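J.: What follows is a structure written as structure tokens; I'll ask about it next.
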Amino acid sequence: MGTETDIVARFDIHLDAGEEPVFKGGELITGKLLIELRKPIIINAVKLQMKGRAAWLNDPLKKDDIEKVYFDQDFTLLERPPGKPEPGHFKWIGDFTYSLPFECPLPKGCPSTYEGPHAFIRYFIRASLVQEDEFEKIHEYYVKKAFTLVSPSEGHIITGESAQTEDSAILGKCCCKSKLSAELALPKTGYLPGESIYGNLKIGSKHPKDILNHMEARLVDRVRRIGAPEISAASPWRTLYVRKLESNHESPNKAKGAFEQNGIFLLTVPPVCPSTKGDYEDPSKIEHILSPYGKLLESPSTATLRFRKIPFVKIEYGIQVTLGTDILLEIPIEIGELSTRDKNNTLESFVTGPQPVEEADEKGKIAVNGPFVYTPVYPYPQNAGTNGKAAGVTVISTEPSIQHSHQDPEKTIVTTTRTIVTHSDGHESKTMEETVVETEGEVVRTVLESTVDDDGIKSERKETTTIDASGDEKTQVETSKTRVAESSEVPEIIKEARERIEELVEHQLYKRRRCHLRNYQLLQMNFSIFILLIAIVFLTGQAAIFSSYPAYQNSNWHYDNYGNLMIGNRDNGFYMGPCFGPECPWGK
Numbered sequence: 001m002g003t004e005t006d007i008v009a010r011f012d013i014h015l016d017a018g019e020e021p022v023f024k025g026g027e028l029i030t031g032k033l034l035i036e037l038r039k040p041i042i043i044n045a046v047k048l049q050m051k052g053r054a055a056w057l058n059d060p061l062k063k064d065d066i067e068k069v070y071f072d073q074d075f076t077l078l079e080r081p082p083g084k085p086e087p088g089h090f091k092w093i094g095d096f097t098y099s100l101p102f103e104c105p106l107p108k109g110c111p112s113t114y115e116g117p118h119a120f121i122r123y124f125i126r127a128s129l130v131q132e133d134e135f136e137k138i139h140e141y142y143v144k145k146a147f148t149l150v151s152p153s154e155g156h157i158i159t160g161e162s163a164q165t166e167d168s169a170i171l172g173k174c175c176c177k178s179k180l181s182a183e184l185a186l187p188k189t190g191y192l193p194g195e196s197i198y199g200n201l202k203i204g205s206k207h208p209k210d211i212l213n214h215m216e217a218r219l220v221d222r223v224r225r226i227g228a229p230e231i232s233a234a235s236p237w238r239t240l241y242v243r244k245l246e247s248n249h250e251s252p253n254k255a256k257g258a259f260e261q262n263g264i265f266l267l268t269v270p271p272v273c274p275s276t277k278g279d280y281e282d283p284s285k286i287e288h289i290l291s292p293y294g295k296l297l298e299s300p301s302t303a304t305l306r307f308r309k310i311p312f313v314k315i316e317y318g319i320q321v322t323l324g325t326d327i328l329l330e331i332p333i334e335i336g337e338l339s340t341r342d343k344n345n346t347l348e349s350f351v352t353g354p355q356p357v358e359e360a361d362e363k364g365k366i367a368v369n370g371p372f373v374y375t376p377v378y379p380y381p382q383n384a385g386t387n388g389k390a391a392g393v394t395v396i397s398t399e400p401s402i403q404h405s406h407q408d409p410e411k412t413i414v415t416t417t418r419t420i421v422t423h424s425d426g427h428e429s430k431t432m433e434e435t436v437v438e439t440e441g442e443v444v445r446t447v448l449e450s451t452v453d454d455d456g457i458k459s460e461r462k463e464t465t466t467i468d469a470s471g472d473e474k475t476q477v478e479t480s481k482t483r484v485a486e487s488s489e490v491p492e493i494i495k496e497a498r499e500r501i502e503e504l505v506e507h508q509l510y511k512r513r514r515c516h517l518r519n520y521q522l523l524q525m526n527f528s529i530f531i532l533l534i535a536i537v538f539l540t541g542q543a544a545i546f547s548s549y550p551a552y553q554n555s556n557w558h559y560d561n562y563g564n565l566m567i568g569n570r571d572n573g574f575y576m577g578p579c580f581g582p583e584c585p586w587g588k
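In terms of full-length UniProt numbering, the sequence shown opens at residue 1 and continues consecutively.
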């Protein structure tokens, strides 16, 4: 069959957003497939898949990958030629560029992109070209484009408490042994991308002369699978950035005695995915009870959005300082979020560079221009200090800066459900209304319950639940009681509800009466038909009896003075018909 270059000259996914696109939840992805073949062949199908998922790779207990799918949409752009009922048998010409457009919306509530060797949160588009050769063997060529998804955020500032750690090691052998000890302290453990990290470093007096020339600071990360057993919950630390520390100690090669340096510059936080917010160690125990009607009113859109916002993996960071190969000082830190609305922030490439995006289900398929890689991007301040040189100002603490906008974001109502319940006795009326407003940065769900009794007292309970872009949920409940009117007048909406219910009841009664009347008429008609049939059978039997007697066939038929049908003469006539008067044979 040959390689993909023997068949496919060009197979590209072109997105209208650019070569390195960045999307947010709720946006529409548009683009086109560009296909050019080197020679005419028959194409069976052209398929497109857009998928977003989080995966925990090579779980030690299950011996397999574990994933959480945020969305998975498949499209068949071309499967049969025009006018053909069966797929396939579509011959494509060579040296011609085919363009197949597509579009697909991104759901809201998905977490930001993260790539790592042990877990990832990945979003990609994959196109496949299915072809059957002359030996009826199926070949599938594919091309792939991963893209960055940044979860909208208003900014999440983490200060954190101060922390310190220490470590020691035994150097030398026998009588030349010495104990090397060191201590590292950080003024806080919460930082933002672009923020410089300073610390206090202490080294004991018994240290090698050249130890100050072998000091390094590292930013490391790891992931935990939320809800997993402890044995398989955490991955090893991965080094994201390494920086050699510079000491201001004079003549480090000849240094003797204890070494202490306060405010030593360690590194500047590079562009990385923010730390996972909140405590989600056991998501199965999370129960959201919004109102007595919460389970009834939970719409599919909010339930799916809530599912996407529950983290699958927890991203953690740490600062490590090493002294040669013997001392390791490690302090966990948290990295907050920069606002995606702040114009002073830009998007910068992930500190480790391009990331591979192979998938397990791509084995056996032919990659066109593979292997495929992409570089995630994350919000980063434009005026951040650079690593290797300390910023001019030491950041000790930060305060959130809130920009007030005169224009509210455009709100789109996802779903509105109104349920009105009226008691059968009519003494109490209840109304309940749920409204879900989903914007770019948050989802607000409002449940309003109101009750009006016969005394004209209106009780209201308003429950507002706000879910921001990072998944944090806040619930606020407000209750109030007011008198509607002294005459026990109820609100107009309750009146309309009662009138509507009365109309429905009257309509049902009218339909029931009509149904009863129709059934009675049918019964009468059936009874009349039954009587008529009996009469016909009786008369037919009597006629048969008369015809069986010849004497009767030649007899005189006449009616007497009272309407009786007589056969024969008046003395020995055979009576037939109504029996009235003295001439009736039954009267004799």
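Think of the CB as a built atom: it goes at the ideal place given N, C-alpha and C, for glycine as much as any other residue.
Since the structure is predicted, the reported quantities are computational estimates derived from the model, not experimental observations.
Residue 199 by DSSP, collapsed to three states: which one?
T.: Translated into positions along the sequence shown, residue 199 becomes position 199. Residue 199: strand per DSSP, three-state reduction.
J.: Identify the continuous beta strand (DSSP E) that holds residue 445 and give its terminal residues.
T.: Residue 445 sits at position 445 when you count from the first residue of the sequence shown. Unbroken beta strand (DSSP E) run through residue 445: 442-453.
J.: Could you give the DSSP three-state label for residue 326: helix, strand or coil?
T.: For the purposes of this step, residue 326 is taken as the residue at position 326 of the sequence shown. If DSSP states are grouped into helix, strand and coil, residue 326 belongs with coil.
J.: For residue 16, which residues of its own chain have a beta-carbon under 7 Å away from its beta-carbon, when the five flanking residues on both sides are left out?
T.: To locate residue 16, count along the sequence shown from 1; it is residue 16. Answer for residue 16: 30, 31, listed in chain order.
J.: Taking 8 Å as the threshold, find out whether the region 7-27 comes into contact with the region 119-131 through three or more Cβ pairs.
T.: Touching, yes, given that three or more Cβ pairs across the two stretches are closer than 8 Å.
J.: Tell me which same chain residues have a C-beta within less than 7 Å of the C-beta of residue 373, skipping the five on either side of it?
T.: Taking the first residue of the sequence shown as position 1, residue 373 is located at position 373. Contacts found: 354, 355, 356, 357.
J.: State the start and end residues of the unbroken beta strand (DSSP E) segment that holds residue 14.
T.: Here residue 14 corresponds to residue number 14 of the sequence shown, with the count starting at 1. Residues 8-15.
J.: Rounding to the nearest angstrom, what Cα-Cα distance links residue 193 and residue 159 in this structure?
T.: Here residue 193 is taken as the residue at index 193 of the sequence shown, counted from 1. Here residue 159 is taken as the residue at index 159 of the sequence shown, counted from 1. Straight-line Cα distance between these residues: approximately 13 Å.
J.: For residue 179, which residues of its own chain have a beta-carbon under 8 Å away from its beta-carbon, when the five flanking residues on both sides are left out?
T.: As a first step, residue 179 is located in the sequence shown; it is residue number 179 there, counting from the start. Result list for residue 179: 168, 169, 170, 171, 204, 206, in chain order.
J.: Output the distance between the C-alpha atoms of residue 181 and residue 225, rounded to the nearest integer angstrom.
T.: Numbered from 1 along the sequence shown, position 181 holds the residue referred to as residue 181. Numbered from 1 along the sequence shown, position 225 holds the residue referred to as residue 225. Computed Cα separation, rounded: 34 Å.
J.: I'd like to confirm the pairing. Which residues does DSSP put opposite residue 381 in its beta bridges?
T.: Position 381 of the sequence shown, counted from the start, is the residue given in the question as residue 381. Answer by DSSP bridge pairing, in chain order: 345.
J.: Can you find the residues in the same chain that come closer than 6 Å, C-beta to C-beta, to residue 479, ignoring five residues on each side of it along the sequence?
T.: Counting from 1 along the sequence shown, the entry for residue 479 is found at position 479. Excluding residues within five positions, the ones whose Cβ falls inside 6 Å are 461.
J.: What are the boundary residues of the beta strand (DSSP E) that includes residue 66?
T.: As a first step, residue 66 must be located in the sequence shown, where it is residue number 66. First-last of the beta strand (DSSP E) with residue 66: 64-78.
J.: Within its chain, find whatever has a CB closer than 7 Å to the CB of residue 108; leave out the 5 residues flanking it on each side and keep chain order.
T.: Counting from 1 along the sequence shown, the entry for residue 108 is found at position 108. Only 25, 26, 305, 438 meet the Cβ criterion.
J.: Pick out whichever of 273, 329, 431 has its Cα sitting closest to the Cα of residue 149.
T.: In the sequence shown, the residue the question calls residue 149 occupies position 149. Taking only the C-alpha atoms, the option nearest residue 149 is 273.
J.: Would you kindly work out how many angstroms separate the C-alpha atoms of residue 96 and residue 42, rounded to a whole number?
T.: For the purposes of this step, residue 96 is taken as residue 96 along the sequence shown, with counting starting at 1. For the purposes of this step, residue 42 is taken as residue 42 along the sequence shown, with counting starting at 1. Answer to the nearest angstrom: the Cα atoms are 14 Å apart.
J.: Please return the same chain residues whose Cβ sits closer than 7 Å to the Cβ of residue 199, not counting the five positions on each side in sequence.
T.: Residue mapping note: residue 199 aligns to position 199 of the sequence shown, counting from 1. Taken in chain order, the residues that qualify are 184, 185, 186, 264, 266.
J.: What number of angstroms, rounded off, separates the C-alpha of residue 318 from the C-alpha of residue 64?
T.: Numbered from its first residue, the sequence shown carries residue 318 at position 318. Numbered from its first residue, the sequence shown carries residue 64 at position 64. Cα-Cα distance, rounded: 28 Å.
J.: Tell me the DSSP bridge mates of residue 356?
T.: Counting from one through the sequence shown, the residue named residue 356 turns up at place 356. Looking at the DSSP assignment, residue 356 forms a beta bridge with 373.
J.: Would you tell me roughly how many angstroms separate the C-alpha atoms of residue 446 and residue 111, rounded to the nearest one?
T.: For the purposes of this step, residue 446 is taken as the residue at position 446 of the sequence shown. For the purposes of this step, residue 111 is taken as the residue at position 111 of the sequence shown. Spanning the two alpha carbons is a distance of roughly 24 Å.
J.: Name the two residues that bound the continuous beta strand (DSSP E) containing residue 213.
T.: Locating residue 213 in the sequence shown gives position 213, counting from the first residue. No beta strand (DSSP E) holds residue 213; DSSP gives it neither H nor E.
J.: What first and last residue would you give for the beta strand (DSSP E) that runs through residue 242?
T.: Taking the sequence shown and counting its residues from 1, the one referred to as residue 242 is at position 242. Taken as a continuous stretch (DSSP letters only), the beta strand (DSSP E) holding residue 242 covers 238-244.
J.: Give me, in chain order, the residues of the same chain whose beta-carbon lies closer than 8 Å to that of residue 6; leave out the 5 immediate sequence neighbours on both sides.
T.: On the sequence shown, position 6 is the one that residue 6 refers to. Counting only Cβ-Cβ distances below 8 Å, and skipping sequence neighbours, we find 38.
J.: Confirm, please, whether the CB-CB distance from residue 188 to residue 216 is below 7 Å.
T.: In the sequence shown, counting from the first residue as 1, residue 216 sits at position 216. In the sequence shown, counting from the first residue as 1, residue 188 sits at position 188. The answer is no: Cβ separation not under 7 Å.
J.: For residue 482, is the classification buried or exposed, using 16 other Cβ atoms within 10 angstroms of its Cβ as the cut-off for buried?
T.: Position 482 of the sequence shown, counted from the first residue, corresponds to residue 482. Burial call: exposed.
J.: Return the CA-CA distance between residue 118 and residue 433, expressed in angstroms with no decimal places.
T.: Sequence index remark: in the sequence shown, residue 118 carries index 118 (1-based). Sequence index remark: in the sequence shown, residue 433 carries index 433 (1-based). Distance between the alpha carbons of residue 118 and residue 433: 45 Å.
J.: Using only the alpha-carbon positions, how far apart do residue 277 and residue 228 sit?
T.: Within the sequence shown, the letter at position 277 stands for residue 277. Within the sequence shown, the letter at position 228 stands for residue 228. Approximately 18 Å, taken between the alpha carbons.
J.: Does DSSP put residue 308 in a helix, in a strand, or in coil?
T.: Counted from its first residue, the sequence shown places residue 308 at position 308. Helix.
J.: Evaluate residue 120 with the Cβ neighbour count: other Cβ atoms within 10 Å of its Cβ, from every protein chain shown; 16 or more gives buried, anything less gives exposed.
T.: What you label residue 120 is simply residue 120 of the sequence shown in a count that begins at 1. Counting Cβ neighbours within 10 Å, residue 120 comes out buried, since at least 16 surround it.
J.: Among residues of its own chain, excluding the 5 on either side of residue 222, which ones have a beta-carbon nearer than 7 Å to its beta-carbon?
T.: By 1-based counting over the sequence shown, the position of residue 222 is 222. Correct list, in chain order: 234, 235, 236, 237, 238, 316.
J.: Starting from the C-beta of residue 464, find all residues in its chain whose C-beta is less than 6 Å away, skip the five residues before and the five after it, and write them out in chain order.
T.: In the sequence shown, residue 464 corresponds to position 464, counting from 1. For residue 464, where only same-chain residues beyond five positions count, the Cβ hits under 6 Å are 446, 476.
J.: Checking 7 Å against the spacing of the C-beta atoms, do residue 212 and residue 241 come in under that value?
T.: Working through the sequence shown from its first residue, we reach residue 212 at position 212. Working through the sequence shown from its first residue, we reach residue 241 at position 241. No, Cβ-Cβ distance for residue 212 and residue 241 is not below 7 Å.
J.: In whole angstroms, give me the CA-to-CA distance for residue 122 and residue 380.
T.: Here residue 122 refers to the residue found at position 122 when the sequence shown is read from its first residue. Here residue 380 refers to the residue found at position 380 when the sequence shown is read from its first residue. Roughly 20 Å between the two C-alpha positions.
J.: For residue 156, name the three-state secondary structure that DSSP assigns.
T.: The sequence position of residue 156 within the sequence shown is 156, counting from 1. In the structure shown, residue 156 sits in a strand (DSSP, three-state: E or B).
J.: What whole-angstrom Cβ distance do residue 47 and residue 72 have, given they're in contact under 8 Å?
T.: Counting from 1 along the sequence shown, the entry for residue 47 is found at position 47. Counting from 1 along the sequence shown, the entry for residue 72 is found at position 72. Not a contact, Cβ separation roughly 13 Å.
J.: Is the CB-CB distance between residue 378 and residue 271 below 7 Å?
T.: Residue 378 sits at position 378 when you count from the first residue of the sequence shown. Residue 271 sits at position 271 when you count from the first residue of the sequence shown. Cβ distance < 7 Å, so residue 378 and residue 271 count as in contact.
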